[in-house]
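Going down the list, the protein sequences come from chains A and B. The opening residue of the first sequence carries number 9 in the numbering used here; numbering runs sequentially from there. The opening residue of the second sequence carries number 9 in the numbering used here; numbering runs sequentially from there. Note that beta-carbon positions come from the ideal geometry of N, C-alpha and C, so glycine has one too. Heads up: the structure comes next, in structure tokens.
There are 2 protein chains.
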Amino acid sequence: MSAITTAILKVIRQSQKPISKADLVRMTNYSLATVNEHTECLIRSNLVAEVERGPSTGGRKPILLSFNAELGYVIAIDLESTHARVGIADFNCNIVISESSRDIDVSLGPSAVLEKIKAIVFRLMEKHDIKRNQIKGIGMGVPGPVRYNSGITTSLAIMPGWENYQVRQFWIQHFDCPCFVDNNVNTMALAEQIINVNTDHPNIIYVKIGNGIGASIICNGQLYRGSTEYAGGIGHINIGHDQLCYCGNRGCLEAKAGGRAIAIRAEQMARSGQSELLKRMLDSKGKLTLSDVRKAVIESDAVAVELMRECGIIIGDVLAGLVNFFNPSLVYVGGAVSGVGDVLLASIRQSIYQHSLPLATRSLTIQHMSLGENAGIIGAAFLAVEETIFGNGLMDTKASLRSYNG
Amino acid sequence: MSAITTAILKVIRQSQKPISKADLVRMTNYSLATVNEHTECLIRSNLVAEVERGPSTGGRKPILLSFNAELGYVIAIDLESTHARVGIADFNCNIVISESSRDIDVSLGPSAVLEKIKAIVFRLMEKHDIKRNQIKGIGMGVPGPVRYNSGITTSLAIMPGWENYQVRQFWIQHFDCPCFVDNNVNTMALAEQIINVNTDHPNIIYVKIGNGIGASIICNGQLYRGSTEYAGGIGHINIGHDQLCYCGNRGCLEAKAGGRAIAIRAEQMARSGQSELLKRMLDSKGKLTLSDVRKAVIESDAVAVELMRECGIIIGDVLAGLVNFFNPSLVYVGGAVSGVGDVLLASIRQSIYQHSLPLATRSLTIQHMSLGENAGIIGAAFLAVEETIFGNGLMDTKASLRSYNG
Numbered sequence: 009m010s011a012i013t014t015a016i017l018k019v020i021r022q023s024q025k026p027i028s029k030a031d032l033v034r035m036t037n038y039s040l041a042t043v044n045e046h047t048e049c050l051i052r053s054n055l056v057a058e059v060e061r062g063p064s065t066g067g068r069k070p071i072l073l074s075f076n077a078e079l080g081y082v083i084a085i086d087l088e089s090t091h092a093r094v095g096i097a098d099f100n101c102n103i104v105i106s107e108s109s110r111d112i113d114v115s116l117g118p119s120a121v122l123e124k125i126k127a128i129v130f131r132l133m134e135k136h137d138i139k140r141n142q143i144k145g146i147g148m149g150v151p152g153p154v155r156y157n158s159g160i161t162t163s164l165a166i167m168p169g170w171e172n173y174q175v176r177q178f179w180i181q182h183f184d185c186p187c188f189v190d191n192n193v194n195t196m197a198l199a200e201q202i203i204n205v206n207t208d209h210p211n212i213i214y215v216k217i218g219n220g221i222g223a224s225i226i227c228n229g230q231l232y233r234g235s236t237e238y239a240g241g242i243g244h245i246n247i248g249h250d251q252l253c254y255c256g257n258r259g260c261l262e263a264k265a266g267g268r269a270i271a272i273r274a275e276q277m278a279r280s281g282q283s284e285l286l287k288r289m290l291d292s293k294g295k296l297t298l299s300d301v302r303k304a305v306i307e308s309d310a311v312a313v314e315l316m317r318e319c320g321i322i323i324g325d326v327l328a329g330l331v332n333f334f335n336p337s338l339v340y341v342g343g344a345v346s347g348v349g350d351v352l353l354a355s356i357r358q359s360i361y362q363h364s365l366p367l368a369t370r371s372l373t374i375q376h377m378s379l380g381e382n383a384g385i386i387g388a389a390f391l392a393v394e395e396t397i398f399g400n401g402l403m404d405t406k407a408s409l410r411s412y413n414g
Numbered sequence: 009m010s011a012i013t014t015a016i017l018k019v020i021r022q023s024q025k026p027i028s029k030a031d032l033v034r035m036t037n038y039s040l041a042t043v044n045e046h047t048e049c050l051i052r053s054n055l056v057a058e059v060e061r062g063p064s065t066g067g068r069k070p071i072l073l074s075f076n077a078e079l080g081y082v083i084a085i086d087l088e089s090t091h092a093r094v095g096i097a098d099f100n101c102n103i104v105i106s107e108s109s110r111d112i113d114v115s116l117g118p119s120a121v122l123e124k125i126k127a128i129v130f131r132l133m134e135k136h137d138i139k140r141n142q143i144k145g146i147g148m149g150v151p152g153p154v155r156y157n158s159g160i161t162t163s164l165a166i167m168p169g170w171e172n173y174q175v176r177q178f179w180i181q182h183f184d185c186p187c188f189v190d191n192n193v194n195t196m197a198l199a200e201q202i203i204n205v206n207t208d209h210p211n212i213i214y215v216k217i218g219n220g221i222g223a224s225i226i227c228n229g230q231l232y233r234g235s236t237e238y239a240g241g242i243g244h245i246n247i248g249h250d251q252l253c254y255c256g257n258r259g260c261l262e263a264k265a266g267g268r269a270i271a272i273r274a275e276q277m278a279r280s281g282q283s284e285l286l287k288r289m290l291d292s293k294g295k296l297t298l299s300d301v302r303k304a305v306i307e308s309d310a311v312a313v314e315l316m317r318e319c320g321i322i323i324g325d326v327l328a329g330l331v332n333f334f335n336p337s338l339v340y341v342g343g344a345v346s347g348v349g350d351v352l353l354a355s356i357r358q359s360i361y362q363h364s365l366p367l368a369t370r371s372l373t374i375q376h377m378s379l380g381e382n383a384g385i386i387g388a389a390f391l392a393v394e395e396t397i398f399g400n401g402l403m404d405t406k407a408s409l410r411s412y413n414g
């Protein structure tokens, strides 16, 4: 879509009521000929509808235009490393139906995983009586790096078998509509952006601490993907330790403070008898997961609390450097590890304030993300809607949705 | 200046020859009424001139418009911690006259320093027969953080006495024109940007390694200043050592690898007899400077070379983290320390490639900045010209200058 069509559509979409071409001329400063040309194009592509005639100002009553939010549905998929959530949303990003599956693990490889997700999609469509030709776009978040422009997952050991897999191509075989694939830190950040409408905060770092650690960057109100679409890869920042990371390097942040590393360290502490509670958990289950550590923190197990505090300090120290460099006004922390509660966030804060200059933290807020388990699919829906409509990859999150109900 | 006026002026300024209003309508898609209104405003403010009448297309010959590059001069000042460079430039950022002074040290405090610079400015104006009312803007780079929007230097121990000093106010007392003050890493980066016209590289990190270490960020083709105008403050990223930094923290990057730290470590090595050459230099001068270390490196003194290599590894390790986070396609290294030659750049490269993921460095270029001693004043001139004309703080470095001769 051209810059002019985009600008005109944004005015129509954000308008609280149907709008005349004369108003569009006034609000955009484009000539009437330009407005005519581009609104015709928008009407042809079904994005804008002629809804009614407005009051006459002398001549015949002008036709009023409105964004056509009923133009169809988008499929929204949030794939995590050990589960997936699938939804169908309208063009205001409201999820009309969704389903979660714990029966999915990325290590099964792309074919098996995508087939399972496809089955869920078709089940949801049938349940809600949605036909294939009503699906206008697909948005999907995956737990690893993606070449956004081509929809191909790239190499990281966390997703064996997914190297150079054409995820977009898979979906295009089944649906006659555009498909957009991004890493699920970005989709999570997009969801937070549209729901919190952070227009006062154009520069934000979102940090997702799950099994891995990743960041999403909002710069001047837009999602920033970087030069090779890899921006935000903070999990592999070297923090100078000896632990081997699955990426092949030693010293990576997530090899010390990611969820997987936390579970392994908790097992070591259980075995060495430092924590009675963790030891009991390990004895009864044979292994510990992040979820077990979370339970131990909630039960105020001193060893588990100290483990989380240490991880917070380590993560905060890396974030302090990024705050000095990028000088955001908001840092959001989310993901499974952050679910352990305030001990992690408190130590992250402590570390950031200790190791950033006061000039960089003068008006910095550090807080938990606000969304629950639906964040990933809301973000994936937003990705699909924005790209299907505008197709410019800009993800201008200032363009608020008129009728989002979330 | 409004967005429309800006857009119209940019088309006029980038046009290789005078342009008609009809062409402006065609190229911007604005209505003739809008083009008329905004070009009149540009003519009134002397930014655009009616230069001639073009060929008739039936009716009377159209008036042609051109950017008025002769509308005056800007003052460009590059203040470093121990010297300053002052120039006067035209509106194509060509320096018409300049002078360097080693008689200036920021530690003298703002009044003394600015008075000395003012004396140079008046001398240059007299030499080149430039009247006060021909000065239309002032751009200045300083060796520390600045609140860009207010032109006030902020607190850092490197500039004692400069805390909350109203630098802009000082100049406005003497010249009836706008004044813009930025840190001199940004002005250096702006100069590199306009001269290298990096339109293929929208995302760049410029690193200046002098007595301190700072960075400048180009994001989507624009200078990025951050939420509290402090972005790029990488000299105080914690790298986990015990050295006290003048900022009050321990472990800062520049306390280990900045020019001041390098000189101190070279003195220690001289005293302990590790390097005969450094010892001779220290004995004859009583102290060592960065310039002495540079000489020792050029003479292949093994200890000095190893010292620079170590610093390169340390700086590169921090940059590796920033590359993972920001994923630029270019990293430029400049400043006095980088002047020691290839040993530093080579070790910075080694460290970045070792500690960044291949995904983030797939098409990364790491190189020396290309400009010599005039970089700072060229950047300051660009700052003054862009802000005087557009006044939007965006520093859109894609807007190339039509007649820059540098």
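- Non-local beta-carbon contacts of A/Q251 in its own chain, meaning distances under 8 Å to residues more than five positions away in sequence, involve R258, G259, C260, A263, K264, A269 in chain order.
- The Cβ atoms of B/L391 and B/G147 lie closer than 9 Å to each other.
- For A/V326, the nearest beta carbon of chain B is closer than 9 Å to its own beta carbon.
- For B/Q142, no beta strand (DSSP E) segment is defined, and its DSSP state is neither H nor E.
- Pairwise C-beta distances place the region 316-329 of chain A out of contact with the region 195-208 of chain A, as fewer than three of them are shorter than 8 Å.
- Taking the Cβ atoms as the reference, B/L298 lies roughly 4 Å from B/G267, within the contact range of under 8 Å.
- The beta carbon of B/F334 falls within 9 Å of a beta carbon belonging to chain A, placing the residue at that interface.
- Looking at the DSSP output, B/C187 bridges to B/I146.
- In the DSSP assignment, B/H376 falls outside any alpha helix (DSSP H) and within the unbroken beta strand (DSSP E) covering 373-376.
- B/V150 and B/T161 do touch by the CB rule: their CB atoms are close to 6 Å apart, below 8 Å.
- Taking 9 Å as the threshold, the shortest C-beta distance from B/I323 to chain A does not fall below it.
- Flagged as an interface residue toward chain A: B/Y38, by a C-beta distance shorter than 9 Å.
- In the three-state scheme derived from DSSP, where H, G and I count as helix and E and B as strand, B/E60 is classed as strand.
- For B/V393, the enclosing alpha helix (DSSP H) begins and ends at 383-397.
- Considering only B/P26, B/H46, B/N211, the residue with the shortest C-alpha distance to B/T14 is B/H46.
- Annotation for B/C319: the continuous alpha helix (DSSP H) segment containing it runs 310-334.
- A/L132 carries a helical assignment under DSSP once its states are collapsed to helix, strand and coil.
- Chain-order list of chain A residues neighbouring B/Y214: empty, with the shortest C-beta distance near 12 Å, by a criterion of under 9 Å.
- Close partners of A/L330 in chain B (Cβ separation under 7 Å): F333.
- Closer than 7 Å at the C-beta level to chain B, one finds these residues of the region 366-380 of chain A: L367, A368, R370, S371.
- Taking the C-beta atoms as reference points, B/L73 is found nearer than 9 Å to B/S28.
- Contacts with chain A at 9 Å (Cβ-Cβ) do not include B/S283.
- Membership of A/G267 in the alpha helix (DSSP H) is indicated by the continuous run 267-279.
- For A/Y156, there is no enclosing beta strand (DSSP E), as DSSP marks it with neither H nor E.
- In the DSSP annotation of this structure, A/K295 is not part of any beta strand (DSSP E), being labelled neither H nor E.
- Rounded to whole angstroms, A/I245 and B/L87 show a C-alpha spacing of 34 Å.
- When the alpha-carbon of B/D113 is set against those of B/Q282, B/R93, B/V313, B/F130, the nearest one is in B/R93.
- Boundaries of the beta strand (DSSP E) harbouring A/A92: 92-97, taken from the DSSP string.
- In the structure shown, A/D113 falls within a coil segment according to DSSP collapsed to helix, strand and coil.
- Interface residue (Cβ-Cβ distance to chain A less than 9 Å): B/S355 is not classified as such.
- Under the DSSP assignment, A/D350 falls in the alpha helix (DSSP H) whose first and last residues are 350-363.
- With its beta carbon less than 9 Å from one in chain B, A/N211 belongs to the interface.
- With a minimum length of 4 residues, the unbroken runs of alpha helix (DSSP H) contained wholly in the region 27-82 of chain A fall at 29-36, 40-52.
- Classified as exposed, A/L40 has fewer than 16 neighbouring CB atoms from the shown chains inside 10 Å of its CB.
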